[in-house]
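35 is the number of the first residue of the sequence shown in our numbering; add one for each residue after it. Where is the CB? At the ideal position from N, CA and C, for every residue including glycine. Working notes for the structure below.
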Amino acid sequence: MQKLDTLLIKIMEYIMFLCLSVTVLVTFVQVFYRYVLGQSLAWSQEFVLITFVYAVLTGAVVCIYHKEHLQVDLLDNKPAWLQKTAHVLEFGIVLFFIIIFTYYGIELVNSNLTSGQTVGILPIQTAYVYMAMPASGILMLYFHVRQVIK
35 MQKLDTLLIK IMEYIMFLCL SVTVLVTFVQ VFYRYVLGQS LAWSQEFVLI
85 TFVYAVLTGA VVCIYHKEHL QVDLLDNKPA WLQKTAHVLE FGIVLFFIII
135 FTYYGIELVN SNLTSGQTVG ILPIQTAYVY MAMPASGILM LYFHVRQVIK
(Lines of atoms letter the chains of each structure in order from A and count residues from 1; the text may use other names and numbers.)
(Lines give C-alpha, C1' and ligand atoms only; values in the text may rest on other atoms or scores of the structure.)
Protein backbone atom coordinates (compact mmCIF):
# COMPACT_ATOMS: atom_id res chain seq x y z
CA MET A 1 0.00 0.00 0.00
CA GLN A 2 2.86 2.37 0.73
CA LYS A 3 4.15 2.02 -2.85
CA LEU A 4 0.69 2.89 -4.18
CA ASP A 5 0.50 5.91 -1.89
CA THR A 6 3.92 7.10 -3.01
CA LEU A 7 3.06 6.62 -6.67
CA LEU A 8 -0.25 8.47 -6.35
CA ILE A 9 1.35 11.39 -4.52
CA LYS A 10 4.17 11.64 -7.07
CA ILE A 11 1.56 11.78 -9.85
CA MET A 12 -0.42 14.44 -7.95
CA GLU A 13 2.72 16.50 -7.33
CA TYR A 14 3.67 16.24 -11.01
CA ILE A 15 0.18 17.32 -12.12
CA MET A 16 0.23 20.20 -9.63
CA PHE A 17 3.67 21.33 -10.80
CA LEU A 18 2.70 21.05 -14.45
CA CYS A 19 -0.57 22.95 -13.98
CA LEU A 20 1.06 25.75 -11.99
CA SER A 21 3.86 26.04 -14.53
CA VAL A 22 1.39 26.23 -17.41
CA THR A 23 -0.69 28.77 -15.48
CA VAL A 24 2.32 31.04 -14.98
CA LEU A 25 3.56 30.59 -18.56
CA VAL A 26 0.20 31.28 -20.20
CA THR A 27 -0.38 34.28 -17.91
CA PHE A 28 3.02 35.67 -18.90
CA VAL A 29 2.24 35.13 -22.59
CA GLN A 30 -1.17 36.76 -22.13
CA VAL A 31 0.41 39.85 -20.52
CA PHE A 32 3.08 40.00 -23.25
CA TYR A 33 0.47 39.83 -26.00
CA ARG A 34 -1.77 42.41 -24.39
CA TYR A 35 0.77 45.04 -23.36
CA VAL A 36 3.61 44.55 -25.84
CA LEU A 37 1.85 43.39 -29.00
CA GLY A 38 -1.42 45.17 -28.30
CA GLN A 39 -3.52 42.05 -28.91
CA SER A 40 -5.43 39.80 -26.60
CA LEU A 41 -5.52 36.01 -26.52
CA ALA A 42 -9.19 35.10 -26.35
CA TRP A 43 -8.62 31.62 -24.93
CA SER A 44 -5.96 32.34 -22.32
CA GLN A 45 -8.13 33.44 -19.39
CA GLU A 46 -10.31 30.34 -19.49
CA PHE A 47 -7.30 28.07 -19.99
CA VAL A 48 -5.51 29.61 -16.99
CA LEU A 49 -8.66 29.13 -14.91
CA ILE A 50 -8.81 25.42 -15.79
CA THR A 51 -5.14 24.78 -15.06
CA PHE A 52 -5.39 26.70 -11.79
CA VAL A 53 -8.43 24.67 -10.67
CA TYR A 54 -6.57 21.43 -11.33
CA ALA A 55 -3.46 22.74 -9.54
CA VAL A 56 -5.44 23.74 -6.44
CA LEU A 57 -7.39 20.49 -6.21
CA THR A 58 -4.35 18.27 -6.74
CA GLY A 59 -2.58 20.41 -4.15
CA ALA A 60 -5.41 19.68 -1.71
CA VAL A 61 -4.77 15.95 -2.18
CA VAL A 62 -1.05 16.44 -1.49
CA CYS A 63 -1.86 18.49 1.63
CA ILE A 64 -4.16 15.75 2.97
CA TYR A 65 -1.38 13.19 2.42
CA HIS A 66 1.26 15.28 4.20
CA LYS A 67 -1.17 16.52 6.90
CA GLU A 68 -0.37 20.11 5.94
CA HIS A 69 -3.83 21.63 5.90
CA LEU A 70 -4.75 24.44 8.25
CA GLN A 71 -4.65 23.27 11.85
CA VAL A 72 -5.72 24.83 15.12
CA ASP A 73 -3.36 24.02 17.98
CA LEU A 74 -5.67 25.35 20.69
CA LEU A 75 -5.90 21.96 22.44
CA ASP A 76 -2.25 20.91 22.23
CA ASN A 77 -1.59 21.56 25.92
CA LYS A 78 -4.86 20.06 27.15
CA PRO A 79 -5.38 16.59 28.63
CA ALA A 80 -4.83 13.58 26.37
CA TRP A 81 -8.50 12.53 26.39
CA LEU A 82 -9.54 15.99 25.16
CA GLN A 83 -6.92 15.94 22.43
CA LYS A 84 -8.03 12.48 21.31
CA THR A 85 -11.69 13.58 21.30
CA ALA A 86 -10.77 16.65 19.23
CA HIS A 87 -8.84 14.50 16.73
CA VAL A 88 -11.78 12.11 16.33
CA LEU A 89 -14.13 15.07 15.85
CA GLU A 90 -11.72 16.64 13.36
CA PHE A 91 -11.48 13.38 11.41
CA GLY A 92 -15.27 13.09 11.24
CA ILE A 93 -15.80 16.68 10.13
CA VAL A 94 -13.13 16.48 7.42
CA LEU A 95 -14.52 13.12 6.28
CA PHE A 96 -18.01 14.59 6.07
CA PHE A 97 -16.87 17.54 3.95
CA ILE A 98 -14.80 15.36 1.63
CA ILE A 99 -17.78 13.06 1.06
CA ILE A 100 -20.11 16.02 0.36
CA PHE A 101 -17.51 17.59 -1.94
CA THR A 102 -17.09 14.35 -3.87
CA TYR A 103 -20.81 13.58 -4.08
CA TYR A 104 -21.76 17.00 -5.41
CA GLY A 105 -18.74 17.00 -7.70
CA ILE A 106 -20.05 13.80 -9.28
CA GLU A 107 -23.52 15.35 -9.56
CA LEU A 108 -22.04 18.45 -11.22
CA VAL A 109 -20.06 16.37 -13.71
CA ASN A 110 -23.09 14.25 -14.60
CA SER A 111 -25.36 17.25 -15.13
CA ASN A 112 -22.77 18.98 -17.32
CA LEU A 113 -22.09 15.85 -19.35
CA THR A 114 -25.76 15.67 -20.28
CA SER A 115 -26.06 19.39 -21.03
CA GLY A 116 -22.94 19.48 -23.22
CA GLN A 117 -22.04 22.98 -22.03
CA THR A 118 -18.59 24.17 -23.12
CA VAL A 119 -16.08 26.49 -21.45
CA GLY A 120 -16.52 29.85 -23.16
CA ILE A 121 -14.45 29.96 -26.31
CA LEU A 122 -12.58 26.70 -25.68
CA PRO A 123 -14.10 23.54 -27.17
CA ILE A 124 -13.93 21.75 -23.80
CA GLN A 125 -17.01 20.57 -21.96
CA THR A 126 -17.35 22.06 -18.49
CA ALA A 127 -17.82 18.51 -17.20
CA TYR A 128 -14.13 17.85 -17.83
CA VAL A 129 -13.19 20.91 -15.81
CA TYR A 130 -15.54 19.88 -12.99
CA MET A 131 -14.15 16.33 -13.11
CA ALA A 132 -11.29 17.61 -10.95
CA MET A 133 -13.72 17.76 -8.02
CA PRO A 134 -14.71 14.10 -7.73
CA ALA A 135 -11.26 12.90 -8.78
CA SER A 136 -9.51 14.93 -6.09
CA GLY A 137 -12.30 14.15 -3.62
CA ILE A 138 -11.84 10.41 -4.05
CA LEU A 139 -8.09 10.73 -3.57
CA MET A 140 -8.53 13.00 -0.54
CA LEU A 141 -10.95 10.46 0.91
CA TYR A 142 -8.48 7.65 0.27
CA PHE A 143 -5.57 9.45 1.95
CA HIS A 144 -7.71 10.73 4.81
CA VAL A 145 -8.85 7.19 5.67
CA ARG A 146 -5.31 5.84 5.14
CA GLN A 147 -4.05 8.15 7.90
CA VAL A 148 -6.17 6.20 10.38
CA ILE A 149 -5.16 2.82 8.98
CA LYS A 150 -1.41 3.60 9.21
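Taking C-beta to C-beta, are Ile155 and Ala76 nearer than 7 Å?
Ile155 is a Cβ neighbour of Ala76, given a cutoff of 7 Å.
Where the alpha helix (DSSP H) containing Asn111 begins and where it ends
Unbroken run through Asn111: none, as it is neither H nor E.
Could you tell me whether the Cβ of Lys184 comes closer than 7 Å to any Cβ of chain B?
Any reference to chain B falls outside this structure, which holds one protein chain only.
Between the stretch 35-48 and the stretch 113-123, can you find at least three pairs of beta-carbon atoms closer than 8 Å?
With the cut-off at 8 Å, the stretch 113-123 and the stretch 35-48 do not touch.
Considering only residues of the stretch 48-116, which uninterrupted beta strand (DSSP E) runs meet the minimum length of 3 residues and lie entirely inside it, listed in chain order?
Fully enclosed beta strand (DSSP E) runs of 3 or longer: not present.
Between the CA atoms of Thr57 and Glu80 - distance to the nearest angstrom
One C-alpha to the other measures close to 11 Å.
Would you kindly work out how many angstroms separate the C-alpha atoms of Asn111 and Val163, rounded to a whole number?
Roughly 43 Å between the two C-alpha positions.
Do Thr92 and Met35 come within 7 Å of each other at the CB atom, strictly closer than that value?
No, these two residues do not count as a Cβ contact at 7 Å.
Look up Thr152 in the DSSP assignment and give the residues it is bridged to.
In the DSSP output, where bridge partners are listed per residue, Thr152 has Gln159.
With Leu147 and Ala169 assumed to form a contact (beta carbons below 8 Å), what rounded beta-carbon distance in angstroms separates them?
In fact, because the Cβ distance is near 14 Å, the residues do not count as touching under 8 Å.
Endpoints, the alpha helix (DSSP H) within which Asn174 is located:
Note that residue 174 is Met in the sequence shown here, rather than Asn. Start and end: 166-183.
Please identify the residue among Thr61, Ala166, Tyr138 whose C-alpha is closest to the C-alpha of Ser78.
Cα-wise, what sits closest to Ser78 is Thr61.
Classify His178 as buried or exposed, calling it buried when 16 or more other Cβ atoms lie within 10 Å of its own Cβ.
So His178 counts as buried.
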